[in-house]
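With my numbering, letter number 258 in the sequence shown gets 317, and the count goes up by one each step, no holes.
Here a beta-carbon is modelled for each residue, glycine too, at the ideal position from N, C-alpha and C.
Heads up, the thing below is written out as structure tokens.
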Amino acid sequence: MKKQSILKGLLAPALLGLACNANASLLIGGDAVNQASATSILDIVFAIDTSGSMSDDIAAIGAKAQSVITNLSCPTTDCYVRARFMGITTTSGIFDETVRNYVLGAGGTPVTNHQEDNGPAVTDLVNHYAWNNDAVAGQSYYRAIVTIGDEGTEDGQVVNQADWDAAYVANQAAKNAGIFLFSWVADDPFAGVPDLFNKMATGGSGGISTVYNFSDTGGAYISGPLTDVTVEQQLQDIICLASSGGTGGTGVPEPASMALLGLGFAGMAALRRRKA
Numbered sequence: 060m061k062k063q064s065i066l067k068g069l070l071a072p073a074l075l076g077l078a079c080n081a082n083a084s085l086l087i088g089g090d091a092v093n094q095a096s097a098t099s100i101l102d103i104v105f106a107i108d109t110s111g112s113m114s115d116d117i118a119a120i121g122a123k124a125q126s127v128i129t130n131l132s133c134p135t136t137d138c139y140v141r142a143r144f145m146g147i148t149t150t151s152g153i154f155d156e157t158v159r160n161y162v163l164g165a166g167g168t169p170v171t172n173h174q175e176d177n178g179p180a181v182t183d184l185v186n187h188y189a190w191n192n193d194a195v196a197g198q199s200y201y202r203a204i205v206t207i208g209d210e211g212t213e214d215g216q217v218v219n220q221a222d223w224d225a226a227y228v229a230n231q232a233a234k235n236a237g238i239f240l241f242s243w244v245a246d247d248p249f250a251g252v253p254d255l256f257n258k259m260a261t262g263g264s265g266g267i268s269t270v271y272n273f274s275d276t277g278g279a280y281i282s283g284p285l286t287d288v289t290v291e292q293q294l295q296d297i298i299c300l301a302s303s304g305g306t307g308g309t310g311v312p313e314p315a316s317m318a319l320l321g322l323g324f325a326g327m328a329a330l331r332r333r334k335a
């Protein structure tokens, strides 16, 4: 674990501007003292399904997001992070703006039209988000999208070919743009969702009537119940991996981040909940 600056605790709130933005869904922080001293800069967008079955997951992420970004401790990089939190078509908690409205506000035509359109939301963010590469010499710049849900990637519910189609479009858009894609499946997903989300981020063959060869975007697949403990580690693992260059870079996740490699968390089935 690299040594943290003793100045961070005194200077970080003022220099990093944590949660002092006009938009509450944008948190700025990292484990560098400030942007100028960072070795890497990361723009990362979390886009979540805000349907009823995700309410506990939304609350868990909202409760931990600011503290994680404030107290971030990555093993291989001093990063400066700009993290934004969006619902897909509706808002909830920290996810207080939507992907669809963001695209419309940017003058684009969104392909996202349903609160459980995890795939189209990724495509919209790849194409329309205001990514800001302001890195200077000696700094690396990375972009990442985290899509979070528990149902199919197109209109939700059970997984069918339309979900695979939407996931493949999202996968190729992220890969071609050089954006790391992380797919995060909450507890109690519909059948087929883990495999669908995993392939969308990490690659492999998938589909029903049409079979696609998905690319590895450099992101990762995350699964398991979003409890107060696990969500804190999961958020840190995602941000640290992305700010270290993703799975294709030299950054290595911390030992507790095996969930990022698709292993998930033991006891997931024991925490299943009824769908809303």
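Local Cβ density within 10 Å of residue i, reported as buried at 16 or more and exposed below that
| i | result |
| --- | --- |
| S151 | buried |
| D296 | buried |
| A250 | exposed |
| Q293 | buried |
| A225 | buried |
| A229 | buried |
| A165 | exposed |
| S302 | buried |
| A189 | exposed |
| Q198 | buried |
| T306 | buried |
| S264 | exposed |
| G211 | buried |
| G167 | exposed |
| S274 | buried |
Which listed residue (the options) has its alpha carbon closest to that of residue i
| i | options | result |
| --- | --- | --- |
| T269 | Y227, V195 and T148 | Y227 |
| R141 | P179, D115, L101 and V170 | L101 |
| N93 | W190, T286, G237 and T129 | T129 |
| Y201 | Q292, D183 and A97 | A97 |
| A196 | S99, G304 and I298 | S99 |
| D193 | Q292, A95, T306 and S303 | A95 |
| F145 | W243, S112, D90 and I107 | Checking the sequence, you will find Met at residue 145 rather than Phe. Out of W243, S112, D90 and I107, I107 has the C-alpha closest to the C-alpha of M145. |
| G266 | T289, E210, L255 and S242 | L255 |
| I204 | G211, E210, I238 and A189 | I238 |
| L163 | I153, A180 and F154 | A180 |
| I207 | F105, L86, G88 and G89 | F105 |
| I281 | D222, I117, A245 and G211 | A245 |
| N111 | D247, S84 and V127 | Per the sequence shown, residue 111 should be read as Gly rather than Asn. Residue D247 is the option with its Cα nearest to G111. |
| D155 | K234, S274 and L85 | L85 |
| A232 | T168, T182 and P253 | T182 |
| P284 | C299, W243, G304 and S274 | W243 |
| A91 | T157, A119, C138 and V127 | C138 |
| S132 | D116, G88, S114 and P253 | G88 |
| V290 | A119, T149 and M113 | A119 |
| D209 | N191, P169 and P253 | P253 |
| T149 | W223, T136 and S114 | S114 |
| T286 | I117, V170 and T109 | I117 |
| A236 | N191, Y271, N186 and T135 | N186 |
| N272 | K234, A279, C299 and G304 | K234 |
| T343 | C299, T157, I103 and R143 | Because residue 343 is not part of the residues shown, which for the chain are 60 to 335, the question remains open. |
| L240 | V127, G304, Y161 and N160 | G304 |
For residue i, three-class secondary structure by DSSP
| i | result |
| --- | --- |
| D247 | coil |
| S340 | With the chain covering 60 to 335 only, the question about residue 340 has no answer from this structure. |
| I298 | helix |
| G263 | strand |
| V270 | strand |
| G89 | strand |
| N80 | Annotation note: pLDDT 41 at N80 (below 50); position unreliable, coordinate value reported separately. Three-state DSSP puts N80 in coil, outside helix and strand. |
| T309 | Here the model assigns T309 a pLDDT of 35, short of 50, so the residue's position is not dependable, and the following value carries that caveat. The answer is coil: DSSP assigns T309 none of H, G, I, E or B. |
Write down every uninterrupted run of the alpha helix (DSSP H) in the region 158-231 whose length is 4 residues or greater and which is fully enclosed by it, in chain order.
158-164 and 177-187
When you compare the region 211-218 with the region 163-175, are there three or more beta-carbon pairs, one atom per stretch, that lie closer than 8 Å?
yes
Within the region 100-158, ranges of the alpha helix (DSSP H) (whole runs, at least 4 residues):
114-129
Between the region 118-126 and the region 252-270, can you find at least three pairs of beta-carbon atoms closer than 8 Å?
no
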